[in-house]
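Residues in the sequence shown are numbered consecutively from 1, following full-length UniProt numbering. Glycine included, every Cβ here is placed at the ideal spot set by N, Cα and C.
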Amino acid sequence: MRPSIKNFVVSGGVASNQYVRTRLNHIAEKNGLQLVSPPPSLCTDNGVMIAWTGIEHFVPGRFEDPPPADEPDDMQYDLRPRWPLGEEYSEGRSVSRSLKTARIHPSLTSMTQSSLHN
């Protein structure tokens, strides 16, 4: 029995590149598929959102040093695929300490430097 695949779905940063999208469409058509993708404006990478999440955890001190590595330092990585911002509510706090809510936008560089000197 042959699979009934009819669509080739692409999203994320790759799909915001018009050249890549055109080439993928050509490949899809060649294989009898329809390329399905959101508009390029909705396919951008979310680096800012990831960085903001890091700030939200860094400022109140919610981070851990990476565990000791058996590998050389350049081989170490610390993955956190699901890092919710709602932990402070589960601890009984009723007021968010979000920088975004407070409309305060300090630079990440200044926050990092000040934390290193404390």
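Around the beta-carbon of A15, 16 or more other beta-carbon atoms lie within 10 Å, marking it buried. With the rule of 3 Cβ pairs closer than 8 Å, the region 26-37 does not count as touching the region 52-71.
In terms of Cβ geometry, F8 and L35 form a close pair [threshold 7 Å].
The DSSP-derived three-state label of V59 is coil.
Pairing V10 with S37 gives a Cβ-Cβ distance under 7 Å. The distance from the Cβ of Q18 to that of P40 is about 7 Å, consistent with a contact at the 8 Å cut-off. In the structure shown, N7 adopts extended strand secondary structure according to DSSP, grouped into three states.
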